[in-house]
Amino acid sequence: MPEISGSTGRTPETHVIDFRAAEQLLNARDPRGAVKLLDSVIAAHPENTAARLLRARAFFAAAQLRPAELEFTIVLEREPDNAFAHFALARTFERRGEAEQAKRHFRLAAALDPNPEYLKAARFES
Numbered sequence: 002m003p004e005i006s007g008s009t010g011r012t013p014e015t016h017v018i019d020f021r022a023a024e025q026l027l028n029a030r031d032p033r034g035a036v037k038l039l040d041s042v043i044a045a046h047p048e049n050t051a052a053r054l055l056r057a058r059a060f061f062a063a064a065q066l067r068p069a070e071l072e073f074t075i076v077l078e079r080e081p082d083n084a085f086a087h088f089a090l091a092r093t094f095e096r097r098g099e100a101e102q103a104k105r106h107f108r109l110a111a112a113l114d115p116n117p118e119y120l121k122a123a124r125f126e127s
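One rule links them: number in the numbering used here = place in the sequence shown (from 1) + 1.
Structure representation (structure tokens):
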């Protein structure tokens, strides 16, 4: 019998399904729907960095910049070498008009991964 989390009746398998469905919703430009699905996944698995990163992206896409910043920061506390999380956090700061914070994270992203997009944003020469 599958393990059921709390009184929600959710199993690890349904959390995986919710995660995959949230990816599809985000790709279909429904970030709020993605956040709703990911809330239960993260409540059951708060240590799941992939779910937190996806929720951060969904918050960003929904222009919910404070929650996006919080989620990207949690990801970076667990994975300080995650270049994408630095880049996305920089974009979050950029959208909020926090240029110095954005520049710091753009540069960290570029230092961790010489992706041309990261280098351009960091204003490094390729």
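Even glycine gets a Cβ: it sits at the ideal position worked out from N, Cα and C.
State buried or exposed for residue i, treating a residue as buried only when at least 16 other CB atoms are found within 10 Å of its CB.
i, result
"A91", "buried"
"E101", "exposed"
"R79", "exposed"
"E70", "buried"
"E141", "In this structure the chain extends from 2 to 127, so residue 141 is not present and cannot be described."
Report the residue from the options whose alpha carbon sits nearest the alpha carbon of residue i.
i, options, result
"A130", "A59, E99, E72", "Residue 130 is absent from the structure shown; the chain starts at 2 and stops at 127."
"N83", "D114, L39, E14, R96", "D114"
"R21", "A52, A44, R33, E48", "A52"
"F94", "P32, P117, A103", "A103"
"E99", "P47, L66, K37, T50", "L66"
"I18", "L38, P81, F107", "L38"
"E33", "F61, A112, R97, T12", "The sequence given here places Arg at residue 33; Glu does not occur at that position. Taking only the C-alpha atoms, the option nearest R33 is F61."
"R108", "A89, I43, R97", "A89"
Since residue i and residue j are thought to touch, with beta carbons under 8 Å apart, how far apart are those beta carbons, to the nearest angstrom?
i, j, result
"L27", "L55", "7 Å"
Which full runs of the beta strand (DSSP E) of 3+ residues lie inside the region 27–98, going along the chain?
DSSP runs (the beta strand (DSSP E)) wholly in the region 27–98: none.
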